[in-house]
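Mapped onto my numbering, the consecutive letters of the sequence shown carry residue numbers 89 to 351.
Working notes for the structure below.
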Amino acid sequence: MKSCLYEGEVLHNRYSPKEHNFKYKLFLSYIDLDELDEVFSKSKFWSLEKLNFISFRRRDYHGDNSKPLKEEVFNTVEDKIGRRPNGPVRLLTNLRFFGYCFNSVSFYYCYKEDGETLDALMAEIENTPWGERYCYVFDGEEVNDKSLKIKLDKKFHISPFFPMDIKYIWEFFVPSNSLRIHMTSLDKGSAVFYAGLQLKRVNISSRSLNRMLFKHPLMTFKMIFGIYFQALRLWMKRIPFFDHPNPDSRKSIISDKNKEGVL
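What follows is the structure, given as structure tokens:
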């Protein structure tokens with residue numbers, strides 16, 4: 089089985105205009121979309137398309153939820169890089185806990201037919217409280233020495249404590265026994281923020297699925313609470329506040345192909 093769990097920590101370091109740092113422990117599921125039935129059959133506390141302690145719902149993810157998720161990912165990748173993947177798609181995500189799901193970002197690793205060579209990577213970002221989504225698509229042909237490093241312009245409003253006119257440097261390491269993602273924000277060429285995931289692989293079994301549930305029973309709620317708690321801390325530090333560029337926006341923009349990004 090290629091599906092697994094990844095456990096570790098997420099780090100946020102803000103350098104300007106004032107320092108603000110935090111980290112917390114978490115686990116994420118890394119699921120081969122062809123193995124969904126097998127993964128969710130291993131624990132009575134994990135369910136596919138049913139209410140449970142932890143569950144996977146198609147409607148929580150990319151595209152038209154009346155169509156298979158893998159097909160919709162392929163459609164978007166093909167639309168953006170002009171090449172349709174034909175291998176496994178493995179989704180790194182936070183699943184639904186007690187019927188509630190939120191992901192600030194989910195990553196879709198699209199592999200070639202050999203299941204080992206990265207063909208493309210799609211990052212699907214969601215902001216709160218607006219509930220909008222935005223996709224960046226990266227071409228796996230740019231992978232160098234097991235990592236993909238990209239510099240890009242910010243295209244999507246996420247945090248009200250950052251302006252839109254900044255650049256990102258994202259670095260993704262191909263998942264193995266560890267999984268690392270580094271994201272740096274640049275303002276006028278200087279690093280102002282860093283976020284990173286540093287995770288270790290945990291093989292899927294009935295025992296490991298149950299252990300993660302009891303070790304991290306409120307993962308989604310912890311994430312949402314953390315977002316608003318850290319926002320409060322930033323506000324108390326008088327960090328400049330930037331309004332949403334489209335304050336009337338209330339609908340997801342994931343289906344608007346013209347607003348999705350590719351690099």
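Positions of the beta carbon are idealized from the N, C-alpha and C atoms, including for glycine.
The structure displayed is predicted, hence computed values, not measured ones.
- Within the same chain, and ignoring the five residues on either side of residue 119 in sequence, the residues whose Cβ sits closer than 7 angstroms to its Cβ are 91, 127, 178, 179.
- For residue 242, no alpha helix (DSSP H) run applies, since DSSP gives it neither H nor E.
- Within the same chain, Cβ atoms closer than 8 angstroms to the Cβ of residue 279 are found at 103, 272, 273, the five residues on either side in sequence being excluded.
- For the segment 109 to 166, the full-length beta strand (DSSP E) segments reaching 3 residues or more read 134 to 136, 142 to 144 along the chain.
- By a beta-carbon distance limit of 8 angstroms, residue 189 does not contact residue 221. Their separation comes to about 13 angstroms.
- In the structure shown, residue 182 adopts coil according to DSSP, grouped into three states.
- Following the DSSP letters along the chain, one finds residue 311 inside the alpha helix (DSSP H) bounded by residues 307 to 324.
- For residue 238, the three-state secondary structure derived from DSSP is strand.
- Under the Cβ criterion (8 angstroms, minimum of three pairs), the segment 221 to 232 does not count as touching the segment 285 to 303.
- Where residue 210 is concerned, the enclosing beta strand (DSSP E) starts and stops at 206 to 214.
- For the pair residue 106 and residue 327, the CB atoms are nearer than the 8 angstroms cut-off.
- Exposure of residue 316 is indicated by the presence of fewer than 16 other C-beta atoms within 10 angstroms of its C-beta.
- Residue 169 and residue 227 have their C-alpha atoms some 7 angstroms from each other.
- In terms of CA proximity to residue 117, 307 leads the group 322, 331, 307.
- The C-beta distance from residue 213 to residue 244 rounds to 6 angstroms, short enough to fall under 8 angstroms.
- Pairing residue 136 with residue 121 gives a Cβ-Cβ distance that is not under 8 angstroms.
- Secondary structure note for residue 289: its beta strand (DSSP E) is the uninterrupted segment 278 to 291.
- The C-beta distance from residue 208 to residue 165 rounds to 5 angstroms, short enough to fall under 8 angstroms.
- DSSP, reduced to helix, strand and coil, places residue 175 outside both helices and strands of the structure shown, so it counts as coil.
- Linking residue 163 to residue 94 through their CA atoms gives a straight-line distance of about 27 angstroms.
- Counting along the chain, residue 104 sits inside no beta strand (DSSP E), nor does DSSP assign it H or E at all.
- The Cβ atoms of residue 324 and residue 182 do not sit closer than 8 angstroms to each other.
- Assigned with DSSP and collapsed to three states, residue 269 falls in strand.
- Per the coordinates, the alpha-carbon of residue 96 lies some 12 angstroms from the alpha-carbon of residue 269.
- Under the three-state reduction of DSSP, residue 254 is assigned to coil, being neither helix nor strand.
- Here DSSP, grouped into helix, strand and coil, assigns residue 232 to strand.
- Boundaries of the alpha helix (DSSP H) harbouring residue 296: 294 to 303, taken from the DSSP string.
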